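**Student:**
Numbering (the working numbering), first residue to last: 1 to 310.
1) Considering only their Cβ atoms, is the gap separating residue 200 from residue 27 smaller than 8 Å?
2) Taking the continuous beta strand (DSSP E) assigned at residue 306, which residues delimit it?
3) Taking buried to mean at least 16 other C-beta atoms within 10 Å of its own C-beta, is residue 311 buried or exposed?
4) What does residue 288 pair with, by DSSP beta-bridge criteria?
5) Would you be able to state if there are at least three C-beta pairs under 8 Å between the segment 211-227 and the segment 98-114?
6) Could you have a look at residue 262 and say whether DSSP puts it in helix, strand or coil?
7) Looking at the structure shown, is residue 25 part of a helix, part of a strand, or coil, going by DSSP?
8) Between the segment 291-300 and the segment 234-248, do three or more beta carbon pairs fall short of 8 Å?
9) Look at the alpha carbon of residue 163 and the alpha carbon of residue 66, and state the distance between them as a whole number of angstroms.
10) Check this for me: beta carbons of residue 135 and residue 230, under 8 Å apart or not?
11) What does a CB cutoff of less than 6 Å around residue 118 pick up in its chain, not counting 5 residues either side in sequence?
12) Which runs of the beta strand (DSSP E) fall wholly inside the segment 202-283 and span at least 3 residues, in chain order?
13) Classify residue 250: buried if its beta carbon has 16 or more other beta carbons within 10 angstroms, exposed otherwise.
14) Taking the alpha-carbon of residue 168 as reference, which of 307, 37, 276, 95 has the nearest alpha-carbon?
15) Let's test the definition: count the other Cβ atoms within 10 Å of the Cβ of residue 154 and tell me whether it reaches 16, buried, or not, exposed.
16) In this structure, how does DSSP classify residue 51 when only helix, strand and coil are distinguished?
17) May I have the straight-line CA-CA distance separating residue 248 from residue 272, to the nearest angstrom?
18) Exposed or buried, which one is residue 129 when buried takes at least 16 other CB atoms within 10 Å?
19) Taking the beta carbon of residue 305 as the centre, do at least 16 other beta carbons fall within 10 Å, making it buried, or is it exposed?
20) Can you give the beta carbon distance from residue 143 to residue 172, rounded, assuming they're within the 8 Å contact cut?
21) Any chance you could list the alpha helix (DSSP H) runs of at least 4 consecutive residues sitting entirely within the segment 128-202, in chain order?
22) In this structure, how does DSSP classify residue 121 when only helix, strand and coil are distinguished?
23) Quick one: using the 10 Å Cβ neighbour count with 16 as the cut-off for buried, is residue 47 buried or exposed?
24) Output the distance between the C-alpha atoms of residue 152 and residue 262, rounded to the nearest integer angstrom.
25) Using 8 Å as the threshold, is the C-beta distance between residue 145 and residue 219 below it?
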């Protein structure tokens, strides 16, 4: 007996709409917060002449682009499969993650270039106190927004939202770093009057850029792997194997297990060997039970089982 078991691909529309609205709402929050922070940082950066504040403005601009990309990618990725995309639209999130990583890389290069120019041609920084306040506000806002993004990204297994959250998480640390550096410049400049204190500003900017470079590498690696149909994480594959083995026996076995991921959707397929005497209905019921067991272990998983007679 040869039978191709392909479970129903349709997902309850209400569930899709609920998850989509939740992801889109939190992505919209990120867009709004980044827009506000960019305006603040650009104004204060220009007023003070601080390259570290302007580097943070560029960082926030990259965050804004990332948030916009995430906003549209989560809307597309959760739309149901159609004739042109029978496996769904999940990889839109991975593509957005790769684009975001490249944007971060470009931003960090620009920051380093500008910081080197400031080291070669240093100048006095003005309105340092205002810069400290703006950086503190930025860190606080991004802390709460990134925490919200991470929470939704984890529950929905969204690489696009996780990437956006990672941007903002790094922004928290860099904003605090810039605030600390500016505060140090303010204190040292007041007490020592040493002109060398102004070299701190571009040095802090370079440190920010290096942190951003590290962020882009981590994000690129995570987002790019599913585009090559890389297998699921080893711990998830082992769980799938355990779920399958529960229904195997001396006369029932499996082989050719394959897994991959697109966005937050997992795809699993394998061949199931059954005894010649098993009826089509019995084989179908067995496949349904195995499929449900795997789906209980891993959310957003689609299982395809190829039944073969020994």
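Where a beta carbon is used, it is the ideal one built from N, C-alpha and C, also for glycine.
Keep in mind it's a predicted model, so treat the numbers as computed, not measured.
**Tutor:** Taking the geometry as given:
1) Counting from one through the chain shown, the residue named residue 27 turns up at place 27. Counting from one through the chain shown, the residue named residue 200 turns up at place 200. Cβ distance not < 8 Å, so residue 27 and residue 200 don't count as in contact.
2) For the purposes of this step, residue 306 is identified with residue 306 of the chain shown, where counting begins at 1. Run containing residue 306: 301-309, per the beta strand (DSSP E) assignment.
3) Residue 311 is absent from the model: the chain starts at 1 and stops at 310.
4) Position 288 of the chain shown, counted from the start, is the residue given in the question as residue 288. Per DSSP, none; premise fails for residue 288.
5) yes
6) Your numbering for residue 262 matches position 262 in the chain shown. Correct three-state label for residue 262: strand.
7) As a working mapping, residue 25 is identified with position 25 in the chain shown. Reduced to three states, the DSSP call for residue 25 is helix.
8) yes
9) Sequence index remark: in the chain shown, residue 163 carries index 163 (1-based). Sequence index remark: in the chain shown, residue 66 carries index 66 (1-based). Each residue's Cα considered, the two are about 8 Å apart.
10) As a working mapping, residue 135 is identified with position 135 in the chain shown. As a working mapping, residue 230 is identified with position 230 in the chain shown. It is not a contact, given that the beta carbons lie outside the stated cut-off.
11) The residue labelled residue 118 in the question sits at position 118 within the chain shown. Result list for residue 118: 51, 202, in chain order.
12) List check, beta strand (DSSP E) in window: 253-262, 265-274.
13) Here residue 250 corresponds to residue number 250 of the chain shown, with the count starting at 1. Flag for residue 250 reads exposed.
14) Residue mapping note: residue 168 aligns to position 168 of the chain shown, counting from 1. Minimum Cα distance to residue 168 is reached at 37.
15) Within the chain shown, residue 154 is the residue found at index 154, counting from 1. When all chains shown are included, residue 154 counts as exposed.
16) As a first step, residue 51 must be located in the chain shown, where it is residue number 51. Three-state result, residue 51: helix.
17) Taking the first residue of the chain shown as position 1, residue 248 is located at position 248. Taking the first residue of the chain shown as position 1, residue 272 is located at position 272. Taking C-alpha positions only, residue 248 is separated from residue 272 by approximately 9 Å.
18) For the purposes of this step, residue 129 is taken as residue 129 along the chain shown, with counting starting at 1. It is exposed - the Cβ of residue 129 has fewer than 16 other Cβ atoms within 10 Å.
19) Residue numbering aside, residue 305 sits at position 305 when the chain shown is read from its first letter. With 16 or more other Cβ atoms within 10 Å, it is buried.
20) Counting from one through the chain shown, the residue named residue 143 turns up at place 143. Counting from one through the chain shown, the residue named residue 172 turns up at place 172. Going by Cβ atoms, the distance from residue 143 to residue 172 rounds to 5 Å, so yes, they are a contact pair.
21) 128-156, 159-192
22) Within the chain shown, numbered from 1, the residue matching residue 121 stands at position 121. Three-state result, residue 121: coil.
23) Position 47 of the chain shown, counted from the first residue, corresponds to residue 47. It counts as exposed.
24) Residue mapping note: residue 152 aligns to position 152 of the chain shown, counting from 1. Residue mapping note: residue 262 aligns to position 262 of the chain shown, counting from 1. If you take the alpha carbons of residue 152 and residue 262, they lie about 18 Å apart.
25) Along the chain shown, read from residue 1 onward, the residue named residue 145 stands at position 145. Along the chain shown, read from residue 1 onward, the residue named residue 219 stands at position 219. Residue 145 is not a Cβ neighbour of residue 219, given a cutoff of 8 Å.
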